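J.: Under the working numbering, the first residue of the sequence shown carries the number 10, and numbering increases by one thereafter. The following block contains the structure, expressed as structure tokens.
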Amino acid sequence: PVTAELEGGVKITSDAATNSLVITANSNDYKTLRKVLRKLDIPRLQVFVETAILEVNVNNSTKLGTNITAAGPGKAFAGGFIGDASTLKDFFTGGLPDGATIPFQAGNLVSGSIGGQTITGLGNLNGVINLLAKEGNATVLSTPQIIALDNEKAELQVLDDTPVVASTIVSATSGVAGLPQVNVERLKTGINIKLTPHVNAASRTIRLELEQKIDSFRQLEDVPTQLQSTQRALTSRVTNTSVVVKDGDYLMMGGLMSDKVDDTISKVPLLGDIPILGWLFKSKQLKTTKTNLIILLRPKVIGTSVAAANVIKDSLQKRKDFIEENLGGNDEIGRGVEEISDRVDQQASQGADEPFERYRNNEDNEEEDKPQVSAKPEEPKADGGSNPPALPLVEDKPSS
Numbered sequence: 010p011v012t013a014e015l016e017g018g019v020k021i022t023s024d025a026a027t028n029s030l031v032i033t034a035n036s037n038d039y040k041t042l043r044k045v046l047r048k049l050d051i052p053r054l055q056v057f058v059e060t061a062i063l064e065v066n067v068n069n070s071t072k073l074g075t076n077i078t079a080a081g082p083g084k085a086f087a088g089g090f091i092g093d094a095s096t097l098k099d100f101f102t103g104g105l106p107d108g109a110t111i112p113f114q115a116g117n118l119v120s121g122s123i124g125g126q127t128i129t130g131l132g133n134l135n136g137v138i139n140l141l142a143k144e145g146n147a148t149v150l151s152t153p154q155i156i157a158l159d160n161e162k163a164e165l166q167v168l169d170d171t172p173v174v175a176s177t178i179v180s181a182t183s184g185v186a187g188l189p190q191v192n193v194e195r196l197k198t199g200i201n202i203k204l205t206p207h208v209n210a211a212s213r214t215i216r217l218e219l220e221q222k223i224d225s226f227r228q229l230e231d232v233p234t235q236l237q238s239t240q241r242a243l244t245s246r247v248t249n250t251s252v253v254v255k256d257g258d259y260l261m262m263g264g265l266m267s268d269k270v271d272d273t274i275s276k277v278p279l280l281g282d283i284p285i286l287g288w289l290f291k292s293k294q295l296k297t298t299k300t301n302l303i304i305l306l307r308p309k310v311i312g313t314s315v316a317a318a319n320v321i322k323d324s325l326q327k328r329k330d331f332i333e334e335n336l337g338g339n340d341e342i343g344r345g346v347e348e349i350s351d352r353v354d355q356q357a358s359q360g361a362d363e364p365f366e367r368y369r370n371n372e373d374n375e376e377e378d379k380p381q382v383s384a385k386p387e388e389p390k391a392d393g394g395s396n397p398p399a400l401p402l403v404e405d406k407p408s409s
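This is the structure in structure tokens:
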């Protein structure tokens, strides 16, 4: 450490245009200040953070009802065909195929096929009790990427500006009498990420101060049907934590879970209330939804131009793979991307330093700070010649 004290008056001013310091001091003070500046004036590390936000939904849905198929004599299956988990309620409200009558007469239901599946007539009524369970998979909400300076906060927002009805006023004095006046507010929903990295060069670890907030709208189901299109609830899930992860390793955070249970009964009035036989005229659906929000992080220290070039090349390669997989390789701006890739390759070929190397080898260059001593001029001899060069000193050793 630099512990020397300054001897005389020192004046330091900054020049913002050239990002430099102007120092006025004597020789010794200037050398001391140079040591201090060499310790401080080093490029700061950056941290590239890849993030994947996934929402894992597990849906357990149980449906109980009656499947009904109907067709007229010699008729093909028409729009009156009723599909999965249907009841006689759907049969009456959905209409019948041409030629089908109620009550059914023997032979009125015929065999047929729809959607590649064979349906066989069973007398007057084709009834099947249906029990169905479905499971959901993970959905990727977003895969944002962000670069932050060491010890500096960075923020990434992917938001939607959604108009929401705040209030409705019906007044004879506001515009035309009887017409409602609707007040609309705009709310921002989406993904908001704030992070501050702290790099420990000695242990090659990164401490992340992380705050993530995910807002989304959902429909309200406990309000009248005519209001469901305008009334929505705002759901927020927030993560605020500080974690330590090794450079380049993955970190997973989860546990933001929510449960939702829907129990729905649909029936024909009166007929659906009959014990046992009422199940021919109604259906029941029990749906349980569990949602778990999982956040994956992978921080990577960027300390050199080579490391930065590798990050860019990796992102360009992922873009190319996506286009080939989803667009058949048809890249409308391919030439511009290739030029960027060539410049990145040129940048990466300029050097290959480890990002932590500058911290380990940041030693003072003492030779620059040593005073330059000029050689003493030789005194000419009386005869005008020059003195011979001095011989090296030889230590006398005692003879054995």
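The beta carbon of each residue, even a glycine, is placed where N, CA and C say it ideally should be. Predicted model only: the values in this text are computed from it and were never measured.
Compute the distance between the beta-carbons of HIS207 and GLU220, then report whether it is under 9 Å.
T.: As a working note, residue 207 is residue 198 in the sequence shown. As a working note, residue 220 is residue 211 in the sequence shown. Not a contact, by the Cβ cut-off of 9 Å.
J.: Is the Cβ-Cβ distance between PRO52 and GLY257 less than 9 Å?
T.: Translated into positions along the sequence shown, residue 52 becomes position 43. Translated into positions along the sequence shown, residue 257 becomes position 248. For PRO52 and GLY257, no; Cβs fall outside 9 Å.
J.: Could you please give me the residues that DSSP links to PRO172 through a beta bridge?
T.: Here residue 172 refers to the residue found at position 163 when the sequence shown is read from its first residue. Its beta-bridge partners are ARG195.
J.: Can ILE215 and ASN201 be called in contact, C-beta distance under 9 Å?
T.: Counting from one through the sequence shown, the residue named residue 215 turns up at place 206. Counting from one through the sequence shown, the residue named residue 201 turns up at place 192. Not closer than 9 Å, so no.
J.: Can you tell me where the beta strand (DSSP E) with ALA157 in it begins and where it stops?
T.: One-based indexing of the sequence shown puts residue 157 at position 148. Unbroken beta strand (DSSP E) run through ALA157: 154-158.
J.: Could you please give the first and the last residue of the uninterrupted beta strand (DSSP E) stretch that includes ARG307?
T.: Within the sequence shown, the letter at position 298 stands for residue 307. Counting along the chain, the beta strand (DSSP E) containing ARG307 begins and ends at 291-311.
J.: Mind checking who GLU220 pairs with in its DSSP beta bridge?
T.: Numbered from 1 along the sequence shown, position 211 holds the residue referred to as residue 220. Looking at the DSSP assignment, GLU220 forms a beta bridge with LYS203, ASN249.
J.: Restricting to Cα atoms, I'd like to know which of ASP38, LYS40, LYS20, SER275 is closest to VAL31.
T.: In the sequence shown, residue 31 corresponds to position 22, counting from 1. That would be LYS20, whose Cα lies nearest to the Cα of VAL31.
J.: Measuring alpha carbon to alpha carbon, tell me which residue in GLU194, ALA316, THR60, ILE332 is nearest PRO308.
T.: Here residue 308 refers to the residue found at position 299 when the sequence shown is read from its first residue. Out of GLU194, ALA316, THR60, ILE332, THR60 has the C-alpha closest to the C-alpha of PRO308.
J.: Between the alpha carbons of ALA317 and VAL167, how many angstroms are there, rounded?
T.: If you number the sequence shown from 1, residue 317 lands on position 308. If you number the sequence shown from 1, residue 167 lands on position 158. The straight-line gap from Cα to Cα measures roughly 24 Å.
J.: When the Cα atoms are used, what is the spatial distance from THR205 to ASP323?
T.: Position 196 of the sequence shown, counted from the first residue, corresponds to residue 205. Position 314 of the sequence shown, counted from the first residue, corresponds to residue 323. Approximately 23 Å between the Cα atoms of the pair.
J.: Examine the Cβ distances between the region 271-281 and the region 290-301 and report whether three or more of them are shorter than 8 Å.
T.: Yes: at least three Cβ pairs fall under 8 Å.
J.: Can you give me the Cβ contacts of ILE156 inside the same chain, cut-off strictly under 6 Å, excluding the 5 residues immediately before and after it?
T.: On the sequence shown, residue 156 is found 147 positions in, with the first residue counted as 1. Hits under 6 Å: GLN55, PHE57.
J.: Going by alpha carbons, who is nearest to THR250 out of VAL45, ILE62, LYS40, LYS203?
T.: Mapped onto the sequence shown, residue 250 falls at position 241. THR250 has its Cα closest to that of LYS203, out of VAL45, ILE62, LYS40, LYS203.
J.: Name the residue from VAL252, VAL253, THR297, ARG43 whose alpha carbon lies nearest to the alpha carbon of LEU15.
T.: Taking the first residue of the sequence shown as 1, we reach residue 15 at position 6. That would be ARG43, whose Cα lies nearest to the Cα of LEU15.
J.: Using the rule of at least 16 other Cβ atoms within 10 Å of the residue's Cβ for burial, across every protein chain shown, is THR22 buried or exposed?
T.: Here the question's residue 22 lines up with position 13 in the sequence shown. When all chains shown are included, THR22 counts as exposed.
J.: Mark VAL310 as exposed unless 16 or more other C-beta atoms lie within 10 angstroms of its C-beta, in which case mark it buried.
T.: Looking up residue 310 in the sequence shown gives position 301. Buried: at least 16 other Cβ atoms inside 10 Å.
J.: Could you please give the first and the last residue of the uninterrupted alpha helix (DSSP H) stretch that includes ASP323?
T.: By one-based count along the sequence shown, residue 323 stands at place 314. Per DSSP, ASP323 belongs to the alpha helix (DSSP H) from 314-335.
J.: When you compare the CB positions of VAL252 and LEU260, do they come within less than 9 Å of one another, or not?
T.: Walking along the sequence shown from the start, residue 252 turns up at place 243. Walking along the sequence shown from the start, residue 260 turns up at place 251. Against a cut-off of 9 Å, the Cβ pair of LEU260 and VAL252 comes out as a contact.
J.: Would you report the Cα separation of ASN28 and SER176, rounded to the nearest angstrom?
T.: Position 19 of the sequence shown, counted from the first residue, corresponds to residue 28. Position 167 of the sequence shown, counted from the first residue, corresponds to residue 176. Their Cα atoms are separated by approximately 54 Å.
J.: Taking 9 Å as the threshold (C-beta atoms), are LEU49 and LEU150 in contact?
T.: Counted from its first residue, the sequence shown places residue 150 at position 141. Counted from its first residue, the sequence shown places residue 49 at position 40. Not closer than 9 Å, so no.
J.: For the alpha helix (DSSP H) that contains SER29, what are its first and last residues?
T.: Here residue 29 corresponds to residue number 20 of the sequence shown, with the count starting at 1. No alpha helix (DSSP H) contains SER29, which is instead part of the beta strand (DSSP E) from 29-33.
J.: In or out: VAL191 buried (at least 16 other Cβ within 10 Å) or exposed?
T.: By one-based count along the sequence shown, residue 191 stands at place 182. Exposed, by the Cβ-count rule.
J.: Taking C-alpha atoms, which residue in LYS255, ASP170, LEU305 lies nearest to ARG213?
T.: As a working mapping, residue 213 is identified with position 204 in the sequence shown. Ranking the options by Cα distance to ARG213, first place goes to LYS255.
J.: Buried or exposed: VAL247, going by 16 or more other Cβ atoms within 10 Å of its Cβ?
T.: By 1-based counting over the sequence shown, the position of residue 247 is 238. With fewer than 16 other Cβ atoms within 10 Å, it is exposed.
J.: Take LYS197 as the anchor and find which of VAL65, ILE303, VAL173, GLY281 has the nearest alpha-carbon.
T.: Along the sequence shown, read from residue 1 onward, the residue named residue 197 stands at position 188. Residue VAL173 is the option with its Cα nearest to LYS197.
J.: Which value, in whole angstroms, describes the spacing of the CA atoms of ARG195 and LYS299?
T.: Translated into the one-based positions of the sequence shown, residue 195 becomes position 186. Translated into the one-based positions of the sequence shown, residue 299 becomes position 290. Cα-Cα distance, rounded: 29 Å.
J.: Based on the DSSP output, what are the partners of ASN355 in its beta bridges?
T.: Position 346 of the sequence shown holds residue 355. Strictly speaking, residue 355 in this sequence is Gln, with Asn absent from that position. Answer is none; GLN355 lacks a bridge partner.
J.: Use the C-beta contact count for GLY18: other C-beta atoms within 10 angstroms, 16 or more gives buried, fewer gives exposed.
T.: The count along the sequence shown starts at 1 and reaches residue 18 at position 9. When all chains shown are included, GLY18 counts as exposed.
J.: Out of ASN335, GLU334, LEU325, ASN339, state which residue places its alpha-carbon closest to the alpha-carbon of GLU348.
T.: Residue 348 sits at position 339 when you count from the first residue of the sequence shown. It is LEU325.
J.: Take VAL24 and list the residues in its own chain whose beta-carbon comes closer than 8 Å to its own, dropping the five residues that flank it on each side.
T.: Against the sequence shown, residue 24 aligns to sequence position 15. Before going on, a small fix: residue 24 reads as Asp here, not Val. LEU30, VAL31, listed in sequence order.
J.: What residue range is occupied by the uninterrupted beta strand (DSSP E) comprising SER23?
T.: The sequence position of residue 23 within the sequence shown is 14, counting from 1. 20-24 is the extent of the beta strand (DSSP E) around SER23.
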